[in-house]
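Notes follow the structure.
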Amino acid sequence: MEDDRPVANQNNRDSEPIENGLDNNVNQNGHDAPDRAGSGSLRDFVSRNYHDQRVSGTAVEMSQADEERRNNFFQRAISESQRMSAEVDRCQQRHEALQAELGAGNLHAWTMEHASQVTVTLPSHSQSTIPELQEPMDE
C-alpha cells in the first residue's frame, strides 16, 4: 500500500513526503536535515516554529479546509523562498564573473559613477551597507 501523504515537488526536485504542510525534512538523528539551499532557510524557520507551536499546545485544531489552505500557503512560501534564493545565487555568480572579467575596481568605479547620475547613495568600497535613496532635489 502506498503512502497517502501529500508530496512536495518544487521545481522538479526530488519528491519528499510532507506532513502538516511542511516537508518531512528530518535526518536519522531526529533533527532537521540541512536544507538543500543551506541553513537558515524559510523552511527551517517555518518547520521549527510550527513544531514548537504543536509541542506547546498553541496550535489549535483546524478543519480539513483550513489545514489544506495552511498547507498550500506553507508550500507556496517555501517554494517562492527557494526560487528567490536561487535567483540571488545566480546574480552573485554573474557579479563575480563580471568582477573577474572586468576587474573589481573598474566595476566599482562604474557603479559609483552610475549611482551619482541617478541620485542614489551607495556605500564606499570599504563599507557593506545597503544603498539608500536620496531625497529628491527641489527644482
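Take 1 as the starting number for the sequence shown in full-length UniProt numbering and just add one per residue.
Cβ coordinates follow ideal geometry from the N, Cα and C atoms, glycine included.
query: Terminal residues of the continuous alpha helix (DSSP H) containing G105?
result: On the sequence shown, position 105 is the one that residue 105 refers to. First-last of the alpha helix (DSSP H) with G105: 104-117.
- prompt: Is the beta carbon of R43 sitting closer than 8 Å to the one on I78?
  reply: Start at 1 with the first residue of the sequence shown, and residue 43 comes out as number 43. Start at 1 with the first residue of the sequence shown, and residue 78 comes out as number 78. Result yes, Cβ atoms of R43 and I78 sit closer than 8 Å.
message: I'd like the span of the alpha helix (DSSP H) that includes V46, first residue to last.
response: If you number the sequence shown from 1, residue 46 lands on position 46. Note, V46: alpha helix (DSSP H), 42-56.
Chain-order list of residues whose beta-carbon lies under 8 Å from that of H31 (same chain, five-residue window excluded): Residue mapping note: residue 31 aligns to position 31 of the sequence shown, counting from 1. Note that H31 scores 42 on pLDDT, short of 50, meaning its location in the model is unreliable; the coordinates nonetheless yield the value given after this. Same-chain partners within the cutoff: there are none.
field: Inter-residue Cα distance where the pair is H95 and A86
entry: Along the sequence shown, read from residue 1 onward, the residue named residue 95 stands at position 95. Along the sequence shown, read from residue 1 onward, the residue named residue 86 stands at position 86. Straight-line Cα distance between these residues: approximately 14 Å.
field: V88 versus M62: straight-line alpha-carbon distance, rounded
entry: In the sequence shown, the residue the question calls residue 88 occupies position 88. In the sequence shown, the residue the question calls residue 62 occupies position 62. Approximately 36 Å between the Cα atoms of the pair.
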